[in-house]
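Below: one structure, written as structure tokens.
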Amino acid sequence: MSVQLPFRFGSEVYTWFMSGNGQTHQGRLGHMVEIISKAGFTGIQPIFTWMGDLIDPDKLEAKLKEQGIELAALALALDWNEKEETEREREVADHAIKVLQRFPGAVLNTVQIPTGRHDLAERQKRLVNIVNTVSRRAADKGVACSYHPNSPHTSIIRTEEDYKIVLESLDSTVTGWTPDVGHIINGGMDPLAKMKEYQSLINHVHYKDWNGEPEFTLMGKGKVDLLGVTQWLKDINYSGWIICEDEGEEALEDPDFVTLHDGNWIQQDLIPALK
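Under the UniProt record's numbering, the first residue of the sequence shown is numbered 1, with each subsequent residue one higher.
If you want it as structure tokens, here you go:
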């Protein structure tokens, strides 16, 4: 590779989670580590509540070392609909933070499970309060945090107005922002413009592609200007992770193929096109 890049590419495991709402590939995180490594990625972002026996830091570290990749982040996806964390939500968050302490530099990537846009203003206020609270506890333990909005119609953070309200309410001393380019365009916004607007918050990035038919497609096959976004990240010397979270329909039948495709597309098409 002749192009020197300030960032690294990793892969999420949601590509496998899509089938059967996590049931089809339950307990196969070790296999996902192997495929992600084979695809040429150097990092992985598991879903914290879907790690099977690799939730044990010793086992996780051994598997990652075996395959030569790093823990880039953990996705912490919870409901967070009350005024404060529930007892269970706090226990899960603190467990994730404890695991991450074993992997310096790995990010706690917070994401709310969408449950509807009712009581929107109040629930956005509650979400921000909880995300900031979790991030402060993590920061006290030396763990970096990044908040990840999503775009299902039941998400309370999907439109431009939602982004303004929530992103500008994050405690930027402890919480960064993960722009997911597919979710941004799915919410009616331009990914690169939105990333430029809130550049100071970015400390983690998610890639997926989108064609609007109705939503996501295999990476490189859609309408997201992934080259333009990547070039900009290179130009500003972004030094975090770019995590591929492909939600193309092919993932329902063959998530291994999708992950290998993405790794190949990045190495053969995306990176060589950078200036």
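Where a beta carbon is used, it is the ideal one built from N, C-alpha and C, also for glycine.
Reduced DSSP category for residue i - H, G, I as helix; E, B as strand; rest coil
i, result
"GLY10", "strand"
"GLU213", "coil"
"TRP80", "coil"
"TYR163", "helix"
"GLU66", "helix"
"MET1", "Unreliable positioning characterises MET1 in this predicted model, as indicated by a pLDDT of 40, which lies under 50. The coordinate reading is nonetheless provided below. Coil, per DSSP."
"ASN132", "helix"
"HIS148", "coil"
"ALA138", "helix"
"ILE157", "coil"
"ASP119", "coil"
"GLY176", "strand"
"ALA73", "strand"
"VAL143", "coil"
"LEU108", "strand"
"ILE47", "strand"
Other residues of its chain near residue i: CB distance less than 8 Å, five sequence neighbours each side excluded
i, result
"PHE257", "GLU250"
"TYR238", "PRO6, PHE7, ILE202 and VAL205"
Nearest candidate by alpha-carbon position, reference residue i, set the options
i, options, result
"GLU91", "VAL134, LEU226 and LEU54", "VAL134"
"ALA138", "LYS194, LEU60, LEU76 and ALA193", "LEU76"
"LEU218", "GLY212, THR154, LEU226 and LYS208", "LYS208"
"GLU215", "VAL131, THR15 and GLY248", "GLY248"
"LEU60", "LEU201, MET32 and GLU168", "MET32"
"residue 310", "GLY68, GLY40 and GLY30", "Summary: the structure shown does not reach residue 310, with the chain confined to residues 1 through 275, and so no result is reported for it."
"ASN132", "LEU120, CYS145, ALA121 and VAL99", "CYS145"
"ILE69", "PHE103, VAL143 and ASP180", "PHE103"
"ARG88", "LYS65, THR49 and ARG123", "THR49"
"PRO149", "ILE35, VAL174 and ASP180", "ASP180"
"LYS194", "SER37, THR159, ASP254 and GLU213", "THR159"
Chain-order list of residues whose beta-carbon lies under 6 Å from that of residue i (same chain, five-residue window excluded)
i, result
"TYR14", "GLU245"
"LYS98", "none"
"GLY40", "GLY263 and GLN267"
"VAL107", "ALA73, ALA144, SER146 and HIS204"
7 Å CB neighbourhood of residue i in its chain, flanking five on each side removed
i, result
"LEU167", "TRP177, TYR198 and LEU201"
"GLY222", "ASP209, TRP210 and ASN211"
"GLY142", "GLN101"
Given 8 Å, three or more beta-carbon pairs between the segment 75-84 and the segment 125-134: yes
Contact between the segment 147-162 and the segment 99-116 (3+ Cβ pairs under 8 Å): yes
Start-end ranges of the beta strand (DSSP E) lying completely within the segment 191-251, minimum 3 residues: 205-207 and 241-244
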